[in-house]
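Single-structure report; data block below.
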Amino acid sequence: MAKVPKPAELLPGLNFQPPAKGWMDVKPDFRPGTYCNPASPKWMEWISYPFPEKRSIPDGEWALPDNWQEIVLEGMEDRLNRFRSLKVFFDICVRCGACADKCHFFLGTGDPKNMPVLRAELLRSVYRRYFKKAGQILGELAGARDLTEDVIREWYFYLYQCTICRRCSVFCPYGIDMAEMTLLGRELLASVGLNIDWAMASVAQCYDKGSHIGATPQAFKDMVDFLAEENERITGVTTTPSYNRKGAEVLFVMPSGDYFADPGTFTMMGYMLLFEYIGLDYTFSTYAAEGGNFGWFISHEMGKRLNAKIYHEAKRLGVKWILGGECGHMWRVCNQYMPTWWGPVDFLEEPVSPITGTRFENAKVHKMVHISEFTADLIKNGKLNLDPQRNAHIKMTFHDSCNTARGMGIFEEPRYVINNVLPEGNFIEMPPNTIREKTFCCGSSSGINANENMELRMQGGFPRANAVRFVHEKYGVNHLGCICALDRATLPTLLEYWVPEVEVTGITELVGNALIFPDEIERTTDLRDRDLVGFGEAAEEDAEEAE
Amino acid sequence: MDFFKRHFFVSLFAVLGLVTVAYFGSQAASLQVFFGVVVPYLAVLIFLEGLIYRIIVWARSPVPFRIPTTAGQNKSLPWIERDLGEQLDNPATFKHLVGRMALEVLAFRSLFRNLRTELRKDPANPEGDRLIHWSYKWLWLGAIAFHYAFLVIILRHLRFFTEPVPMPFQLLEHVDGFFQFFTPAVYLSGVVLVVAAFYLMARRITNPNLRYISLAADYFPLLLILGIGISGILMRYVYKVDIIAVKELALGLATFHPVVPAGIGAIFYVHLFLVCVLFAYFPFSKLMHAPGVFLSPSRNMVSNNRWVLHVNPWNYPVKFHHYDEYEDRFREAMIEADIPVEKES
Numbered sequence: 007m008a009k010v011p012k013p014a015e016l017l018p019g020l021n022f023q024p025p026a027k028g029w030m031d032v033k034p035d036f037r038p039g040t041y042c043n044p045a046s047p048k049w050m051e052w053i054s055y056p057f058p059e060k061r062s063i064p065d066g067e068w069a070l071p072d073n074w075q076e077i078v079l080e081g082m083e084d085r086l087n088r089f090r091s092l093k094v095f096f097d098i099c100v101r102c103g104a105c106a107d108k109c110h111f112f113l114g115t116g117d118p119k120n121m122p123v124l125r126a127e128l129l130r131s132v133y134r135r136y137f138k139k140a141g142q143i144l145g146e147l148a149g150a151r152d153l154t155e156d157v158i159r160e161w162y163f164y165l166y167q168c169t170i171c172r173r174c175s176v177f178c179p180y181g182i183d184m185a186e187m188t189l190l191g192r193e194l195l196a197s198v199g200l201n202i203d204w205a206m207a208s209v210a211q212c213y214d215k216g217s218h219i220g221a222t223p224q225a226f227k228d229m230v231d232f233l234a235e236e237n238e239r240i241t242g243v244t245t246t247p248s249y250n251r252k253g254a255e256v257l258f259v260m261p262s263g264d265y266f267a268d269p270g271t272f273t274m275m276g277y278m279l280l281f282e283y284i285g286l287d288y289t290f291s292t293y294a295a296e297g298g299n300f301g302w303f304i305s306h307e308m309g310k311r312l313n314a315k316i317y318h319e320a321k322r323l324g325v326k327w328i329l330g331g332e333c334g335h336m337w338r339v340c341n342q343y344m345p346t347w348w349g350p351v352d353f354l355e356e357p358v359s360p361i362t363g364t365r366f367e368n369a370k371v372h373k374m375v376h377i378s379e380f381t382a383d384l385i386k387n388g389k390l391n392l393d394p395q396r397n398a399h400i401k402m403t404f405h406d407s408c409n410t411a412r413g414m415g416i417f418e419e420p421r422y423v424i425n426n427v428l429p430e431g432n433f434i435e436m437p438p439n440t441i442r443e444k445t446f447c448c449g450s451s452s453g454i455n456a457n458e459n460m461e462l463r464m465q466g467g468f469p470r471a472n473a474v475r476f477v478h479e480k481y482g483v484n485h486l487g488c489i490c491a492l493d494r495a496t497l498p499t500l501l502e503y504w505v506p507e508v509e510v511t512g513i514t515e516l517v518g519n520a521l522i523f524p525d526e527i528e529r530t531t532d533l534r535d536r537d538l539v540g541f542g543e544a545a546e547e548d549a550e551e552a553e
Numbered sequence: 013m014d015f016f017k018r019h020f021f022v023s024l025f026a027v028l029g030l031v032t033v034a035y036f037g038s039q040a041a042s043l044q045v046f047f048g049v050v051v052p053y054l055a056v057l058i059f060l061e062g063l064i065y066r067i068i069v070w071a072r073s074p075v076p077f078r079i080p081t082t083a084g085q086n087k088s089l090p091w092i093e094r095d096l097g098e099q100l101d102n103p104a105t106f107k108h109l110v111g112r113m114a115l116e117v118l119a120f121r122s123l124f125r126n127l128r129t130e131l132r133k134d135p136a137n138p139e140g141d142r143l144i145h146w147s148y149k150w151l152w153l154g155a156i157a158f159h160y161a162f163l164v165i166i167l168r169h170l171r172f173f174t175e176p177v178p179m180p181f182q183l184l185e186h187v188d189g190f191f192q193f194f195t196p197a198v199y200l201s202g203v204v205l206v207v208a209a210f211y212l213m214a215r216r217i218t219n220p221n222l223r224y225i226s227l228a229a230d231y232f233p234l235l236l237i238l239g240i241g242i243s244g245i246l247m248r249y250v251y252k253v254d255i256i257a258v259k260e261l262a263l264g265l266a267t268f269h270p271v272v273p274a275g276i277g278a279i280f281y282v283h284l285f286l287v288c289v290l291f292a293y294f295p296f297s298k299l300m301h302a303p304g305v306f307l308s309p310s311r312n313m314v315s316n317n318r319w320v321l322h323v324n325p326w327n328y329p330v331k332f333h334h335y336d337e338y339e340d341r342f343r344e345a346m347i348e349a350d351i352p353v354e355k356e357s
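In the order they appear, the protein sequences are chains A and B. For the first sequence, this note's numbering begins at 7 and goes up steadily by one. For the second sequence, this note's numbering begins at 13 and goes up steadily by one.
Okay, structure coming up:
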């Protein structure tokens with residue numbers, strides 16, 4: 007792994023001056039730390055993806071098939087015919103540049119090819135050359151260029167420097183969405199065997215076993231059982247999870263990040279405490295044990311192949327509806343694609359909260375409810391006894407995850423929950439231009455949270471971290487909350503690099519901290535075993551001092 | 013010659029070339045029919061056909077997924093408040109979608125959101141560099157001035173094609189020429205158009221990143237429109253042409269009884285020819301963003317995917333890892349771990 011330069015070394019080199027040479031003549035610099043390794047053939051074979059070969063970027067071994075140009079151009083034509091978005095987005099850009107300084111990768115690297123407009127031109131130039139008369143005749147003058155190996159390499163470099171976050175699309179006067187082009191561009195790359203290893207490994211594992219870490223059913227159960235024991239140790243409350251249980255009312259699907267690594271695991275403990283508290287009749291599935299959809303990072307089709315498991319399992323188990331955990335791209339996929347892929351979903355019922363009786367009419371076709379919607383409804387109906395003081399040690403700001411923000415529009419539910427589980431004054435928003443629909447991506451989403459591209463990840467996450475640092479320095483914020491498992495996987499690394507004083511937390515973790523169970527033991531720590539402020543020994547000492 | 017110069021100067025010389033062709037071509041009386049009748053009809057024909065063709069090409073591709081960019085709180089629990097702005101930025105009904113599109117098309121909503129982000133360097137403490145994001149409305153202002161001035165100019169020109177001139181056009185002319193500091197009255201729209209086009213051109217050339225991405229296809233239409241604006245202004249205020257004859261020509265075109273009156277100045281033919289080129293060029297260029305925005309799936313779709321089914325016409329079954337295969341593989345381990353199975357062996 008390449009050594010990552012420190013912030014003080016990285017930032018002075020950051021300027022936004024383009025090179026003197028025209029962009030068509032500048033080749034990408036595959037410098038260690040800035041690109042993802044190509045996928046190992048093993049993973050591609052697992053999911054029967056084409057052209058599984060051993061590839062090495064430093065050695066220039068791209069192992070493209072002989073007719074790769076034909077495949078790419080046919081693939082492009084096919085996608086132009088299947089996606090109006092692609093055709094329109096290719097044709098109508100006026101290169102006004104409004105998207106340029108909206109991209110976190112441009113702001114973090116200063117590389118003009120990370121301006122969404124130019125990243126799109128990398129694809130458009132080929133489209134013009136082969137599908138437009140002007141491009142065929144005038145060539146470069148019409149912004150067209152031949153599809154060469156250098157162009158394909160450039161696509162590989164820059165399409166994996168886009169996290170499909172859609173921030174550019176909010177600002178584009180025509181709604182041109184780089185995410186759509188990146189996704190379809192990655193499909194073209196995959197059609198000639200070019201995939202990145204981190205994403206491909208996750209996809210293959212999800213496909214084969216059930217989660218991106220490749221946990222077997224028994225391993226999954228062990229992990230969740232362990233977290234249930236942790237819950238019992240800390241709160242005295244027995245949370246008994248069930249697995250693959252037929253006849254449960256609700257199937258709960260969470261991203262795998264929530265049961266295998268900190269700090270996601272604390273969110274998982276929070277889910278279980280919450281469900282125990284309200285007596286929800288739910289089950290986990292070892293088969294549909296991954297809500298996160300890594301497949302969608304490489305193609306629409308692979309997204310569908312992985313997403314299949316959720317409804318398939320819900321049907322087999324005979325549940326009434328599905329509850330989904332805190333995950334960003336899982337929910338973007340759920341919202342934008344899932345009902346279209348499989349609908350109508352008549353084997354499930356319109357979701358109704360068994361606790362409050364609330365009908366989730368907004369999910370009546372999808373039959374799946376977001377945990378923040380579910381929890382907000384519980385709180386609104388006074389079903390949870392919460393003690394915000396148990397989160398008094400947490401001064402938090404909230405990171406709107408790009409997918410739930412711009413691919414769904416879930417802003418208020420998590421904030422409502424936060425305001426009910428944190429003491430007043432402990433929730434502080436980041437500057438308005440960096441949150442909600444204008445939120446900055448973590449910089450490592452969409453399958454690029456590998457290790458070999460760490461420098462790039464730290465650059466891409468710079469705008470997000472910079473806003474966190476602002477509220478940390480100004481208001482003493484010490485936690486960054488989010489409703490996304492990829493955030494919980496990537497933001498700790500990012501903040502360790504830019505703002506080491508701030509930790510990352512899920513929102514349901516805070517709910518778990520704050521829930522007052524009638525039969526609980528005296529709570530002296532939070533779910534992370536950190537002492538609470540004003541409880542237990544500390545509180546007694548305070549009381550003694552007061553006497 | 014570098015990338016920028018090539019693309020800029022080719023566009024500049026193309027426009028100058030067009031001016032020259034029209035200027036000298038129209039001097040020959042025999043060619044006036046060509047410039048005054050044939051070219052305008054041809055241009056309008058190409059414009060209409062090209063426009064319809066391109067829209068059909070776009071529309072022939074389906075919209076497989078509902079992918080609106082959600083720029084506000086979605087409709088979820090009934091007690092979660094959404095103000096009008098959020099209802100428009102994340103429309104849950106067709107009515108609100110119409111509102112979103114209207115705002116986008118008439119007020120350039122997304123461009124109005126524009127920000128400028130700047131890295132404030134701190135030389136003493138490089139780690140302390142800060143990104144500042146502030147609202148930046150200049151591009152929006154330039155764009156809106158440019159487009160509305162253009163619209164007013166087009167409407168104003170309809171007085172040449174109508175007799176008697178309908179009341180609204182007359183009124184528009186009066187409003188547009190309200191500031192009477194020169195004779196004939198100066199139309200504000202013409203001045204605004206030229207100033208705005210200069211601004212859009214200037215930012216393209218002076219901003220290094222924008223210059224880096226700009227193509228001939230970006231300079232050419234701007235220069236063409238500048239040419240149209242400037243030739244129009246020159247014709248009205250400096251090199252006056254026989255306005256009665258111009259109207260005769262325009263009315264003739266509009267009523268399909270074309271006549272070419274003699275003695276209209278060459279500057280008129282320059283102006284008309286550039287307009288014709290703009291019309292003919294339109295369907296093949298980025299100017300198609302005008303109809304295109306109506307077909308942009310991230311803007312023109314209702315955000316109701318979880319409660320109204322969207323159908324993908326080419327949806328096809330995919331191979332996935334079926335539960336039965338999964339259980340076959342892990343059955344023993346699942347039984348040992350007390351995980352329920354379908355078949356015991």
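All C-beta atoms, glycine included, are put in the ideal place defined by N, C-alpha and C.
Item                                                                                                                                 : Value
Contacts of A/Q23 in chain B (Cβ-Cβ under 9 angstroms)                                                                               : P220, N221
Beta carbon proximity, B/Q85 to chain A, threshold 9 angstroms                                                                       : yes
9 angstroms Cβ cut-off: residues of chain A touching B/Y211                                                                          : Neighbours of B/Y211 on chain A: none; closest Cβ ~12 angstroms, over 9 angstroms.
Pick from B/V253, B/W70, B/N316 that is closest to B/Q99, judged by C-alpha positions                                                : B/N316
Selection of the region 304 to 315 of chain B by Cβ proximity to chain A, strictly under 9 angstroms                                 : G304, V305, L307, S308, P309, S310, R311, N312, S315
Chain A contacts from the region 52 to 86 of chain B (Cβ-Cβ distance under 9 angstroms)                                              : R66, V69, W70, A71, R72, S73, P74, V75, P76, F77, R78, I79, P80, T81, T82, A83, G84, Q85, N86
Three-pair Cβ contact test at 8 angstroms for the region 322 to 338 of chain A versus the region 250 to 259 of chain A               : yes
Reduced DSSP category for B/F36 - H, G, I as helix; E, B as strand; rest coil                                                        : helix
Opposing strand residues paired with A/E509 [DSSP bridges]                                                                           : A/H485
Residue range of the beta strand (DSSP E) that includes A/I328                                                                       : 327 to 330
Within-9 angstroms CB hit, B/I237 to chain A                                                                                         : no
Coil, strand or helix - B/L143 by DSSP                                                                                               : strand
Contact residues within the region 81 to 94 of chain A, judged by C-beta distance below 7 angstroms to chain B                       : L86, N87, R88, F89, R90, S91, K93, V94
Beta-carbon spacing of A/L70, A/V198 below 9 angstroms                                                                               : yes
Cutoff 9 angstroms: B/T32 Cβ touching any chain A Cβ                                                                                 : no
Range covered by the beta strand (DSSP E) that runs through A/F404                                                                   : 402 to 404
A/D107 burial status per 10 Å Cβ neighbour count (16 or more: buried)                                                                : buried
Chain-order list of residues whose beta-carbon lies under 7 angstroms from that of A/A520 (same chain, five-residue window excluded) : L392, D393, P394, R396, N397, V427
Within chain B, the residues that A/R322 reaches when beta carbons sit closer than 9 angstroms                                       : Y335, E354
Cutoff 6 angstroms; reference A/F446; Cβ partners in own chain excluding five residues on either side                                : H110, T440, P469, R470
Neighbouring residues, chain A, relative to B/A292 (Cβ below 8 angstroms)                                                            : Within 8 angstroms Cβ-Cβ: nothing; B/A292 doesn't reach chain A, min ~13 angstroms.
A/L392 - DSSP class collapsed to helix/strand/coil                                                                                   : strand
Inter-residue CB distance, B/G277 and B/V271 (contact presumed, cutoff 8 angstroms)                                                  : Not confirmed; about 17 angstroms, so no contact.
Identified DSSP bridge partners for A/A374                                                                                           : According to the sequence as given, residue 374 of chain A is Met; it is not Ala. Beta-bridge pairing links A/M374 to A/I328.
Anticipated Cβ contact below 8 angstroms, B/V320 with A/V371, distance rounded                                                       : 6 angstroms
C-beta contact flag for B/V206 and B/L238 at 9 angstroms                                                                             : yes
Three-state class that DSSP yields for A/I202 in the structure shown                                                                 : strand
Amino acids of chain B, ordered along the chain, whose beta-carbon sits closer than 8 angstroms to that of A/V176                    : T81, A83, S122, R125
Candidates A/F112, A/F137, A/L533: closest to A/L165 by CA position                                                                  : A/F112
Contact with chain A by B/T129, beta-carbon distance below 9 angstroms                                                               : yes
Near-chain B residues of the region 205 to 236 of chain A (beta-carbon distance less than 7 angstroms), N- to C-terminal order       : Y213, D214, T222, P223, Q224, K227
Per-residue contacts from B/A114 into chain A (C-beta, under 9 angstroms)                                                            : None at all; the shortest Cβ gap to chain A is about 14 angstroms.
Chain B within 9 angstroms of A/V371, Cβ atoms only                                                                                  : yes
Proximity below 9 angstroms, CB of B/D230 to CB of A/V358                                                                            : no
Under 7 angstroms by beta carbon: chain A residues contacting B/I351                                                                 : P223, K227, Y249, N250, T292
Selection of the region 99 to 124 of chain A by Cβ proximity to chain B, strictly under 9 angstroms                                  : C99, V100, R101, C102, G103, A104, A106, D107, K108, F112, L113, G116, P118, M121, V123, L124
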